[in-house]
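Read through the structure below, which is laid out as structure tokens, and then see the notes.
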Amino acid sequence: LGVEGYDVSFENVDRSGISATRAVVRTRHEHAHRHLGDILKIIYQSRLSDGVKDRAARIFSRLAEAEARVHNVPVERIHFHEVGALDAIIDVVGACIGFELLGVERFASSALHVGSGMVEMAHGRFPVPPPAVAELLKNAPVYSTDITGELLTPTGAAIISTVCDEFGQLPRMLIERTGYGAGSREYQNFPNALRLILGRDEAAQDEPERLLMIETNIDDMSPQHFGYLMEKVIELGALDCYFTPVQMKKNRPGVLVSILCRKEQREALQEILFAETTTLGLRSYEVERRALQRESVRVETPYGEIDVKVASINGRVVNEKPEYEQCRAAAERAGVALRTVEAAALKALQKD
């Protein structure tokens, strides 16, 4: 990260009979209250991979937008307290590093247990879930029981609401690994732990995935706004967004906006379309998507580590693609052609 004053350690603990790993972040004399710009500067000036930087930046940007709505102030004026501290930055960045190392391409989550009671925060005493968490969890299923305490923090809510593609039952997959991360508090007869299940989607090539396509035609909006719109819908979790030039009625040129998403994302994406465009109406319809089995393989090249996405069908490899952003960064550092780095990554993959 390029900052000093912290230590990270890991310890095995017991949570209601379950062995779990607890990450402990210790900071020294760190009481900084940062704005979003301060945090983004730390992230983008670090030596982290581009993928980790971008995902961490999206998480903090989403959190800042939620805080801005709660306090009714511009995003740039949001003054982070608990989540602006160095340990919270380590939490977010550490999670993003873990996602990249595991090669996770799609996230699913069960309904979120938020806890109950009251929680002390910088602005006072608030009911669980506190305002920022409730704002972050719009369109996500939540529940509460008689367990007193805050079980989902603003940092955790920002992470899961940013990266999660769907909420609901455990999706069909072949389970490869399972891990438990422990919370700091211990509860009687309740394991305060987060379970992560890493699996492979075996249904992808056999059963089509049913998705939703949202579309609208626009002929009266500034071209500058389309790029911003795409950033917002991708940030909200859309699977794809693209623009197609069309000739509309009265012979006017226009733009067809197409957004591919999962059904549970419909409301949030429709809301952003109405807020950020001049459209007066939207149309949507179901589509089928078939996808190859994919895995990410990290290889060592003369230009650094590169992730290669490997696609297969029935166990037969049909495509190998080095990650573009990593190859681009490596090519710029080494002063060589982009295709030279890509070729080196593919050569290293064959050796492995």
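Going by the working numbering, the residue at position 270 of the sequence shown is 295; the numbering climbs one at a time, nothing skipped.
Even glycine gets a Cβ: it sits at the ideal position worked out from N, Cα and C.
* Report all residues from its chain with a CB closer than 7 Å to the CB of Glu160; omit the five preceding and five following residues, and keep chain order. => By one-based count along the sequence shown, residue 160 stands at place 135. Excluding residues within five positions, the ones whose Cβ falls inside 7 Å are Ala91, Arg94, Val95.
* Val117 and Ala81 look like a contact to me (Cβ under 8 Å); what is the Cβ gap, rounded to whole Å? -> Position 92 of the sequence shown, counted from the start, is the residue given in the question as residue 117. Position 56 of the sequence shown, counted from the start, is the residue given in the question as residue 81. Confirmed, Cβ separation roughly 5 Å.
* To do: Could you check the C-alpha separation between Arg287 and Cys266 for me, to the nearest Å?
  => Within the sequence shown, residue 287 is the residue found at index 262, counting from 1. Within the sequence shown, residue 266 is the residue found at index 241, counting from 1. Rounded to the nearest angstrom, the two C-alpha atoms are 13 Å apart.
* Asked: Exposed or buried, Glu348, counting other C-beta atoms within 10 Å across all chains shown (16 or more means buried)?
  -> Reading the sequence shown from its first residue, position 323 is the one you call residue 348. Flag for Glu348 reads buried.
* How about Asp244 and Arg202: do their beta carbons lie closer than 8 Å? -> One-based indexing of the sequence shown puts residue 244 at position 219. One-based indexing of the sequence shown puts residue 202 at position 177. Not in contact: Asp244 and Arg202 (Cβ atoms no closer than 8 Å).
* DSSP puts Gln272 in a beta bridge; with which residues? -> If you number the sequence shown from 1, residue 272 lands on position 247. According to DSSP, Gln272 bridges with Pro278.
* For Phe192, decide whether its Cβ has a neighbour in chain D, counting only Cβ atoms nearer than 8 Å. => Included in the structure is just one protein chain, with no chain D present.
* Nonlocal neighbours in the same chain, by C-beta distance under 6 Å from Ala120, ignoring five residues either side -> Locating residue 120 in the sequence shown gives position 95, where the first residue counts as 1. Same-chain partners within the cutoff: Ile184.
* Asked: Which whole-angstrom value is the C-beta distance of Ala136 and Val167, which I expect to be below 8 Å?
  -> Counting from 1 along the sequence shown, the entry for residue 136 is found at position 111. Counting from 1 along the sequence shown, the entry for residue 167 is found at position 142. Sure, about 6 Å apart at Cβ, within 8 Å.
* Thr326 to Lys163, Cα distance in whole Å? -> As a first step, residue 326 must be located in the sequence shown, where it is residue number 301. As a first step, residue 163 must be located in the sequence shown, where it is residue number 138. When rounded, the distance between both Cα atoms is 43 Å.
* **Own chain partners of Arg235 with C-beta closer than 7 Å, once the 5 adjacent residues on each side are dropped** => One-based indexing of the sequence shown puts residue 235 at position 210. If we look at Arg235 and ignore the five residues flanking it on each side, its Cβ neighbours are Glu311, Glu313.
* In whole angstroms, what is the alpha-carbon distance linking Lys334 and Asp171? -> The count along the sequence shown starts at 1 and reaches residue 334 at position 309. The count along the sequence shown starts at 1 and reaches residue 171 at position 146. Taking the straight line from one Cα to the other gives about 45 Å.
* Asked: From Ser71, Ile222, Ser44, pick the residue whose C-alpha is nearest to that of Leu127; which is it?
  -> Numbered from its first residue, the sequence shown carries residue 127 at position 102. Selected option, being the one with the closest Cα: Ile222.
* Asked: Does DSSP put Gly76 in a helix, a strand or coil?
  -> The count along the sequence shown starts at 1 and reaches residue 76 at position 51. Gly76: helix per DSSP, three-state reduction.
* To do: Could you check the C-alpha separation between Leu177 and Gln213 for me, to the nearest Å?
  => Against the sequence shown, residue 177 aligns to sequence position 152. Against the sequence shown, residue 213 aligns to sequence position 188. Distance between the alpha carbons of Leu177 and Gln213 is about 18 Å.
* Asked: If you run the structure through DSSP and keep just helix, strand and coil, what is Tyr253?
  -> Here the question's residue 253 lines up with position 228 in the sequence shown. Helix, per DSSP.
* Nonlocal neighbours in the same chain, by C-beta distance under 6 Å from Glu330, ignoring five residues either side -> Reading the sequence shown from its first residue, position 305 is the one you call residue 330. So the qualifying residues of the chain are Arg323.
* Going along the chain, which residues of its own chain have a beta-carbon closer than 7 Å to the beta-carbon of Glu345, five neighbours each way excluded? -> For the purposes of this step, residue 345 is taken as the residue at position 320 of the sequence shown. Excluding residues within five positions, the ones whose Cβ falls inside 7 Å are Val333, Val335, Leu371, Leu374.
* Within 10 angstroms of the Cβ of Leu195, are there 16 or more other Cβ atoms? Answer buried if so, exposed if not. => For the purposes of this step, residue 195 is taken as the residue at position 170 of the sequence shown. Leu195 is exposed by the Cβ-count criterion.
* To do: Quick one: measure Cβ to Cβ for Gly142 and Thr173, integer angstroms, because I've assumed they're closer than 8 Å.
  => Residue 142 sits at position 117 when you count from the first residue of the sequence shown. Residue 173 sits at position 148 when you count from the first residue of the sequence shown. 4 Å between Cβ atoms; contact.
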